[in-house]
Amino acid sequence: MTLRDYAIRYGFIVLLFGLIAYFAIAADGFVSPQSAVFIFQSVAITGVLALGVTATLVVGGFDLSIGSVATSAMMAAAYVMVVLEQNVVVAVVVCLLIGAIVGLINGWLIVYMRVPDLLATLGMMFLLVGLQRIPTEGRSIATGMTMPDGSVANGKFSDAFLALGRHRFDFFIPNLIPVSVVVLIVLAVLIWFFLEYTRFGRMMYAVGSNERAAELAGAPVKAYKIWAYVISGVFASIGGILLAARLGRGDIASGNNLLLDAVAAALIGYAVLGAAKPNAFGTAVGALFVGILLQGLTMMNAPYYTQDFVKGVVLVVALVFTFALSGRGRR
Amino acid sequence: MGNDAVFRVDGLRKSFGLIEVLGGVSIELHAGEITVLMGANGAGKSTLVKIISGVYDHAGGTMHLAGDNFAPNTPAEAIRAGVVTVHQNINDGVVADLDVATNLTLDRLSGKGAPLLFNPGRVRREARAVADRLGLAIDLRARVSDLSLADRQMVAIARAMAHQPKVLILDEPTSSLSSAEADRLFALLDRLREQGVAILYISHRMSDIRRLADRIVSMRDGVIAGVFDQKPLDYEGAVNAMLGRKIHLDRIEVRNAAKPILTIDALRIAPGARPLSLTLGDGEVVAVTGLVGVGKTALAETLFGLRKPLSGTMHLNGRPYAPASTGEAIAAGVFLVAKDRGENGIVGGFNIQENISLPFHKRMSRFAVLKRGLERTTARRQIDELGIVCRSEKDEMPTLSGGNQQKVMVARWMAQDARLFILDEPFQGVDISARRDIAAKLRASANGRATLLFVTELDEALETADRILVMSEQTIVGEHRNTDVDLDRLLAEVAGGPLHSAA
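Going line by line, the protein sequences match chains A and B. Read in the numbering used here, the first sequence has 313 at position 313, and its numbers run on one by one without any break. Read in the numbering used here, the second sequence has 1375 at position 375, and its numbers run on one by one without any break.
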């Protein structure tokens, strides 16, 4: 391996550790369990969405609807518990169903209606952003709200559901790790194992790299593509559940940044270990990278409004790593 | 013919890297004549066309247009000089989202002297003039994307003719047209011929060639293998010059088939085609030969579950066989090494090992988890078996030569035992030693399955097969046992016409 190969392979990891080392010296209290947990927590929801969109990237697609699936799931969870006065299980099941159904529709549009992936999921994004406001005529959902017909919604978020956002597990230190971080880690390991070690994951990569070759090798290409969007939709709805549990209400204005942050994490993941392709490990590292950078900058008193700019810079640098330096970006 | 050639190419040479693609090609085109250029894949036709049309530059030789030196640096220069090319891909010649009138005058929208503002009225007037000159009966306001392929082709040619060229080059213009559509194209070409245009027509379709050709030039391996301009034209001679035997081959030991594995009864693969029947036996290697576009790939795809036959039945191992998908075909033991490995075979993001295991993931995994050890040992075994030259089974595909890439494709499908092993153009873009290796491996391992090859080059059939079938016009027209093949009869069948001499 030449120096250039090493740079491509380990450049981003070195950058990550360099960043940690810098913040450790420059920012007081950066190296502490609480700080680490805070970073994980800040990226948990976008991380879950990013892992889902990674599945669609693997089959050569893209899913722009993940952000709106997450917010739709959040609104649905609030509606089910507050207005329909159902329990936690019903709320979670409804959310997951929404994710799966949206994924199926996305897949159907792309595979059978031949709508290009970006356009199909863009359309679905608009549709969901609008749809989630219809049941409450555009209002956020919280206990005691007045419904369009004048009645008052008396249901409330169940404690079990709120625990998904607020409970913390003991880990050496009492009350350290939030549920959302555990969910992120479990899903990351699951999707990583699925993509890297199962025959389904392998064939998804084949579909993404050469669809025709995969079909001629006997793979049901259409089914694989649709499944990728279902995975993406379900992961996004899990993100939505975590969001609802954290907020404790169905907030119409939240979740605006989810799509961009998640896509950025997945694309940054291309550069990790010189993979030059979508991969679950890279996505997780990409999400962490953004989280560490923002946490460090915040602790050094960088103003909040520089955050998007910093994320953008990281994304562009990562894309240059992937496409220009490795020379494997011929997709 | 004397010095009245409008366009003349002398000793044209071109190499890509170390590979010489054109080794001194000379060709003449005459006004009011259609010269047909024939050649198998890789003969150098496309390279020749691209040099003439200014896409590539040439390394040696000269070109003259109407007595003047002609050496275009860009396609635009060639067009301005009066040499216009309509490329094979119809959609390259038209802009689908614009209307017919704008397409016909597209080249006047830019360049010197083009007006700043777009004037729809003027465009329509100019387009009308172009269309009338060619007798084109197409609504000028229609969007090109709403037209049939044939109409698009007409628009592309009319657009080319708007330059009033002296030389028109058509690269396989009928490859995606039906025969009725092709007839309209031929009428247009007759009209152009009367107007004194010199036409170079590249095609594999014998029916086109019989209909149009005033002269035939056969190309083979980068040189002109024969020029035929004596009436009546010697079509078989032209096919022979393009495909015939060039090297003395080692005799192969021809075997007889044991019990039948695949039987096909009255299968029709294209509308209007005569039904075809055949039987393939255990242990035999059968080659199907014929020109490009006669239905070889269609037959391969029908056997592999990629397309449905119009009628007829197939039996595999005595049981009815009608695969609805490639997955079903593979499960039944029918494997296909598809032609054009870059497009249909190689997964670019995968290394050798992952490419080899691709179709057999299910058999190589437990509870859906791939057994990587088994995958690796299988890849290593196959690399040994076929003599793939690589550093390890982890090598990326682009680092391999064309021959070794093809060996990986063959190795992929030989990793498991097939009942029917189909290879479509397995020797395309493969060097001679890799070709020998693959052929020897196919013959050595032939027992226990039927092997079916689809090849355009006769040599490839003669050096690998026990039996040779000839396809023409979507059906099988001849059968030869590969012991003392009657080459004259075989070539006549390939050329698709009645036998001239009872040889």
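Beta carbons are placed, not taken as given, at the ideal position from N, Cα and C, and that holds for glycine. Please read all numbers here as calculations on a predicted model, not as lab measurements.
Taking C-beta separations shorter than 7 Å and ignoring five residues to either side along the sequence, the partners of LEU1291(B) in its chain run HIS1204, MET1206, THR1456 and VAL1494, following chain order. Only residues of its own chain outside the window of five on either side were considered, and among them ALA77, PHE161 and ILE241 have a CB closer than 8 Å to the CB of VAL92(A), listed in chain order. Annotation: GLU1033(B) to PRO1232(B) spans about 15 Å, alpha carbon to alpha carbon. Within the same chain, PHE62, ASP63, LEU64, SER65 and ASN106 come within 7 Å of THR121(A) by CB-CB distance, once the 5 residues on both sides are set aside. TYR229(A) counts as buried, since at least 16 other C-beta atoms from the protein chains shown sit within 10 angstroms of its C-beta. In the same chain as GLY1429(B), and ignoring 5 residues on each side of it, the C-beta atoms closer than 6 Å to its own belong to GLY1402, in chain order. Contact note: LEU273(A) does not reach chain B at a C-beta cutoff of 7 Å; the least C-beta distance is about 15 Å. With respect to THR1451(B), VAL1285(B) sits close: the two C-beta atoms are nearer than 7 Å.
In the DSSP assignment, TYR224(A) forms no beta bridge with any residue.
Contact holds between the region 257-270 of chain A and the region 51-60 of chain A, because three or more Cβ pairs, one in each stretch, are under 8 Å apart.
Taking C-beta atoms as the reference points, PHE17(A) and ALA24(A) fail to come closer than 7 Å. If one requires a minimum length of 4 residues, the alpha helix (DSSP H) runs lying completely within the region 1356-1426 of chain B are 1372-1386 and 1402-1414, in chain order.
DSSP places PRO1075(B) in the helix class (H, G or I) of the three-state scheme.
Spanning the alpha carbons of HIS1030(B) and ALA1300(B) requires a straight line of approximately 40 Å. DSSP, read as helix, strand or coil, puts LYS277(A) in coil. One Cα belongs to ARG1141(B), the other to ASP1151(B), and the distance between them is close to 13 Å.
HIS1480(B) and GLU1463(B) have their C-alpha atoms roughly 13 Å apart. Residue nearest to VAL37(A) within the set GLY233(A), GLN86(A) and ASN175(A) is ASN175(A) (criterion: CA-CA distance). Counting only runs of at least 4 residues, the region 1076-1155 of chain B fully encloses the following alpha helix (DSSP H) elements, listed from N- to C-terminal order: 1100-1104 and 1120-1134. DSSP places PHE1016(B) in no alpha helix (DSSP H) but in the uninterrupted beta strand (DSSP E) bounded by 1005-1016. Around the CB of TYR305(A), fewer than 16 other CB atoms lie within 10 Å, so the residue is classed as exposed. Residue PRO1165(B) holds the alpha-carbon nearest to the alpha-carbon of SER1053(B) among PRO1165(B), LEU1400(B) and LEU1189(B).
Here GLN1195(B) is exposed. Its C-beta has fewer than 16 other C-beta atoms within 10 Å. A residue is called buried once 16 or more other Cβ atoms fall within 10 Å of its Cβ, and VAL1347(B) is buried on that count.
Under the Cβ distance rule, ALA287(A) does not count among the residues neighbouring chain B, no pair being separated by less than 7 Å. For the C-beta of ASN1447(B), not a single chain A residue is nearer than 8 Å; the gap to the nearest is close to 24 Å. Considering only THR1047(B), ARG1307(B) and MET1161(B), the residue with the shortest C-alpha distance to ALA1131(B) is MET1161(B). Assigned with DSSP and collapsed to three states, SER1175(B) falls in coil, not helix or strand. By the Cβ neighbour-count rule, ASP1171(B) is buried, with 16 or more other Cβ atoms within 10 Å of its own. Identification of chain A residues near THR1326(B) by a Cβ-Cβ cut-off of 7 Å yields GLU215, LEU216 and GLY218, ordered along the chain. The C-beta distance from GLY1023(B) to VAL1223(B) rounds to 5 Å, short enough to meet the 8 Å contact threshold.
What ASN210(A) touches in chain B, judged by beta-carbon distance under 7 Å, is ILE1346, VAL1347 and GLY1348, going in chain order. Taking the CA atoms as reference points, GLY1327(B) sits about 29 Å from SER1392(B).
The beta-bridge partner set that DSSP reports for ALA1338(B) is empty. Beta-bridge analysis with DSSP links ALA1198(B) to VAL1167(B). In terms of beta-carbon proximity, ALA318(A) stays away from the interface with chain B, with every pair separated by 7 Å or more.
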